[in-house]
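Residue numbers (our numbering): 106 to 336. Shown next, in C-alpha cells, is the structure this report addresses.
Here's what the structure looks like:
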C-alpha cells in the first residue's frame with residue numbers, strides 16, 4: 106500500500122500548509138493540479154487522493170467551474186471512516202471489497218451522469234483513454250494500476266456525494282489486492298478494456314441506468330475471472 110501511504114502523507118503536508126504554515130488561508134483557491142503536484146513533489150494521481158482525503162474531512166471543497174478551495178470555516182473532525190491499513194490487512198478479503206464496490210459504485214456512476222460538469226466528463230473520459238493505453242502496454246505495470254484507480258476514482262468523485270466519496274479507499278484496496286493476487290490478470294485486462302468502452306460510452310451519453318449496468322458487468326466479470334463469485 107505504498108501509494109496510499111504517500112497520499113496520506115501528502116494530505117498531511119497540505120493540511121499543514123493550510124492550518125499551520127498559513128500558505129493557503131481559509132477561502133483561498135488552491136493552485137491548479139499541475140502546479141500543486143509539482144510543489145508537493147508528487148504525481149497528480151497521488152495529489153488527487155490527498156485532496157479527496159481533505160475533501161472528506163471538510164477542509165476543502167470543489168466549486169464547479171472554479172476549482173478547489175479551502176473552506177471558509179472548519180472544525181477538525183473526530184477520527185472516523187474507513188481505515189486504509191485495515192483494508193490492506195488479511196481480515197478484509199478481495200471478495201468483501203468487490204461486493205462493497207458492487208453496492209456503491211454503480212449508484213455513484215449514475216449520479217456522475219446526472220451531476221458531473223461537462224469539464225469533469227471530459228476529464229474522466231481522458232483518464233479512461235489513458236487507462237486503456239496503459240492496459241494495452243502492460244497488464245501488471247505500475248502505470249496500469251494507477252490509471253485504473255484514477256479512472257474509477259474520478260468517476261466516483263463526480264457523483265458529488267461526499268459520503269460515497271469516503272469509500273474511495275475500498276476502490277484502491279480492491280485494485281491493489283487484485284494485482285497482488287496475480288490471478289488471470291491477462292483475462293481481466295481483456296475484459297476490462299471492453300467494459301471500459303461501455304462505461305465511457307454511457308458516461309458521455311449521460312445515461313445513468315446504462316452506466317449502472319456497465320459497472321455491474323465490469324465488477325461481475327472481475328469477480329468471476331478471479332473465481333470470487335461463490336461465497
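All C-beta atoms, glycine included, are put in the ideal place defined by N, C-alpha and C.
>> If contact is defined by three or more beta carbon pairs under 8 Å, each pair taking one atom from either stretch, is the region 235-251 in contact with the region 123-134?
In response: no
> Buried or exposed: where does residue 185 fall if 16 or more other Cβ atoms within 10 Å of its Cβ makes it buried?
Replying inline: In this prediction, residue 185 has a pLDDT of 47, which is less than 50 and means its spatial position is unreliable; what the coordinates show is noted afterwards. It counts as exposed.
> Can you give the beta carbon distance from residue 323 to residue 304, rounded, assuming they're within the 8 Å contact cut?
Replying inline: 7 Å
>> Closest to residue 169 by C-alpha separation, out of 203, 295, 226, would be which residue?
In response: 226
> Are the beta-carbon atoms of residue 220 and residue 265 separated by less than 7 Å?
Replying inline: yes
> Of the residues 144, 256, 327, which one's Cα is nearest the Cα of residue 230?
Replying inline: Checked all of 144, 256, 327; the closest Cα to residue 230 is 256.
>> For residue 215 and residue 313, which I take to be in contact (beta-carbon distance under 8 Å), what is that distance rounded to the nearest angstrom?
In response: 4 Å
>> According to DSSP, simplified to helix, strand and coil, what is residue 165?
In response: strand
> For residue 184, which of helix, strand or coil comes out of DSSP?
Replying inline: Below a pLDDT of 50, predicted positions are generally treated as unreliable, and residue 184, at 48, falls in that range; the measurement from the model is reported next regardless. Note: residue 184 maps to coil in three-state DSSP.
>> Comparing C-alpha positions only, which one of 151, 276, 222 sits nearest to residue 113?
In response: 151
>> Using a 10 Å radius around the Cβ and a threshold of 16 neighbouring Cβ atoms, would you call residue 252 buried or exposed?
In response: buried
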